[in-house]
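Protein chains in written order, with my numbering: chain A, 302 to 497; chain B, 58 to 234.
This report refers to the structure that appears directly beneath it.
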């Protein structure tokens with residue numbers, strides 16, 4: 302079951318579109334570059350890509366068709382923006398979030414050994430799960446030790462991927478806060494101790 | 058950037074996340090330079106050492122053994138669990154980790170609080186009067202700080218936020234010889 306899709310499209314269409322990007326690293330990298338450059342032209346995208354301008358053009362066209370990118374201009378040269386993918390997939394008891402952070406992380410596989418190795422060992426679903434842990438970690442609501450136990454990985458591996466993903470999260474998701482409310486935490490602990 | 062990279066304390070205690078932060082950025086050599094220049098030795102709790110050197114791990118491990126051999130990192134003895142201040146500190150840290158992560162307290166292991174236990178052990182043994190704790194784990198640090206202040210060790214520990222420290226150190230040392 303998939304819900305909360307790209308605005309205006311049927312969840313199933315979104316799922317198919319996003320799975321296209323997940324499975325194709327070149328498309329994921331392109332999506333990440335559009336996010337990074339805000340509203341680039343094909344020209345600008347091609348100048349930062351190892352692919353030919355024709356390939357970039359074809360890929361952009363494809364991503365617009367499947368609804369992952371939007372064309373935001375009426376006249377040439379066209380500019381494109383990345384849609385904020387936000388999708389929840391539920392299978393049995395497990396829930397996966399597909400977010401721009403996941404796509405950007407996948408796009409960095411090539412250049413980031415730690416992400417590459419994590420995906421090799423735990424798959425894309427493992428990475429999606431790690432992003433949820435990293436979101437909590439960024440807010441001081443998760444530690445590598447707890448993730449390590451729950452996901453049955455060494456602490457070293459958990460801490461490493463949490464830090465890699467935190468850097469991406471802070472970059473991609475503007476609204477993530479890193480502030481910890483110490484007073485609220487003190488109050489929680491007092492309450493906890495009081496209950497014992 | 059603060060004028061002083063390292064705080065003016067007697068002991069410098071580091072958590073796993075600090076060492077991994079430098080390893081990920083391939084800047085362990087900068088950390089070594091900064092530490093040795095300031096004639097500091099970074100103290101590592103036993104548990105942190107174990108976490109940095111897992112038995113079955115397919116990737117490269119951080120060069121903690123090299124750092125120990127070179128003398129700028131030192132592994133601490135086991136935490137003194139039988140000392141009541143140490144165990145109270147670790148219990149408090151577990152409470153904080155449990156509250157912050159919204160996990161039942163029994164799922165937070167005693168060893169998760171070992172950085173706190175190590176800090177308390179150093180103070181109780183009389184080995185030091187002041188400790189800087191380099192970590193990204195703000196909830197655990199709050200637990201350490203609060204527990205120790207309840208046992209007559211007020212203002213003896215200070216938090217050095219691991220990532221901010223790493224950024225500042227890298228900025229200062231990256232392009233200097």
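Virtual Cβ for every residue (Gly too), placed ideally from N, Cα, C.
Here the alpha carbon of residue 400 of chain A sits roughly 15 angstroms from the alpha carbon of residue 334 of chain A. DSSP, read as helix, strand or coil, puts residue 388 of chain A in strand. Residue 136 of chain B and residue 453 of chain A have their C-alpha atoms spaced approximately 25 angstroms apart. Taking C-beta separations shorter than 8 angstroms and ignoring five residues to either side along the sequence, the partners of residue 213 of chain B in its chain run 180, 186, 187, 188 and 205, following chain order. With respect to the 9 angstroms criterion, residue 477 of chain A and residue 439 of chain A are classified as neighbours on the basis of their beta carbons. Distance between residue 482 of chain A and residue 217 of chain B, taken at the CA atoms: about 17 angstroms. DSSP lists B:218 as the bridge partner or partners of residue 192 of chain B. In this structure, residue 470 of chain A keeps its C-beta atom at 9 angstroms or more from the C-beta atom of residue 429 of chain A. For residue 154 of chain B, the nearest CB of chain A lies under 9 angstroms from its own CB, placing it at the interface with that chain.
Listed along chain B, the residues sitting closer than 8 angstroms to residue 465 of chain A by beta-carbon distance are 81.
Counting only residues of its own chain and dropping the five nearest sequence neighbours on each side, residue 378 of chain A has a CB closer than 8 angstroms to the CB of 342, 343 and 344. Contact note: residue 409 of chain A does not reach chain B at a C-beta cutoff of 9 angstroms; the least C-beta distance is about 13 angstroms.
Judged by beta-carbon spacing, residue 485 of chain A lies beyond the 9 angstroms limit of residue 462 of chain A, meaning their Cβ atoms are not closer than that value. Under the three-state reduction of DSSP output, residue 404 of chain A falls in the helix class. At least one CB of chain B lies nearer than 9 angstroms to the CB of residue 486 of chain A. A Cβ-Cβ contact shorter than 9 angstroms links residue 381 of chain A with residue 371 of chain A. Comparing alpha-carbon positions, the option among A:346, A:368, A:312 and A:347 lying closest to residue 322 of chain A turns out to be A:368. The beta carbon of residue 341 of chain A does not come within 9 angstroms of any beta carbon belonging to chain B, so the residue lies off that interface. Taken in chain order, the members of the region 178–199 of chain B whose beta-carbon sits within less than 7 angstroms of a beta-carbon on chain A are 194, 195, 196 and 199. The beta carbon of residue 102 of chain B lies closer than 6 angstroms to those of 133, 171, 172 and 175 in the same chain, with the five residues before and after it left out. The Cβ neighbour count for residue 184 of chain B, taken over all protein chains shown within 10 Å, is under 16; the residue is labelled exposed. A distance of 9 angstroms or more separates the beta carbons of residue 71 of chain B and residue 119 of chain B.
Close to residue 116 of chain B, with beta-carbon spacing below 7 angstroms, are these residues of chain A in chain order: 418. The beta carbon of residue 146 of chain B sits no closer than 9 angstroms to any beta carbon of chain A. The beta carbon of residue 165 of chain B falls within 9 angstroms of a beta carbon belonging to chain A, placing the residue at that interface. Interface flag for residue 398 of chain A against chain B is unset, since no Cβ pair is found closer than 9 angstroms. Remark: fewer than three beta-carbon pairs, one from each stretch, lie closer than 8 angstroms, so the region 122–130 of chain B and the region 144–158 of chain B are not flagged as touching. Against chain B, the CB of residue 436 of chain A has no partner CB under 9 angstroms away; the residue lies outside that interface.
For residue 111 of chain B, the CB contacts under 8 angstroms within the same chain, skipping 5 residues up- and downstream, are 118 in chain order.
No Cβ-Cβ contact shorter than 9 angstroms links residue 409 of chain A with residue 81 of chain B.
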